[in-house]
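Numbering (my numbering), first residue to last: 99 to 151.
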Amino acid sequence: MMMLLVLVVMVLVMMVVVKTVVQVMVVVVMVMMVIVMMNGRSACTWSLPGDNF
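Below you can see the structure in the form of structure tokens.
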């Protein structure tokens, strides 16, 4: 019975951790998109380093 409880608790903790990680990743992606939009052309030079030479 105790093992079952431990398993349930572990699964719940994993679900919470996954949810928080997904939320953090979504926020990071949104911030990166905003930075790229604000920088505009300068962001294009980052994505194409070959053109800087």
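Glycine included, C-beta positions come from ideal geometry on N, C-alpha and C.
Quick check: what's the CA-CA separation for residue i versus residue j?
i: Val129; j: Val116; result: 20 Å
i: Asn137; j: Met99; result: 57 Å
i: Leu102; j: Thr118; result: 25 Å
i: Val124; j: Val134; result: 15 Å
i: Val126; j: Val132; result: 10 Å
i: Gln121; j: Met113; result: 12 Å
Check for me: the alpha helix (DSSP H) holding residue i runs from which residue to which?
i: Met135; result: 100-137
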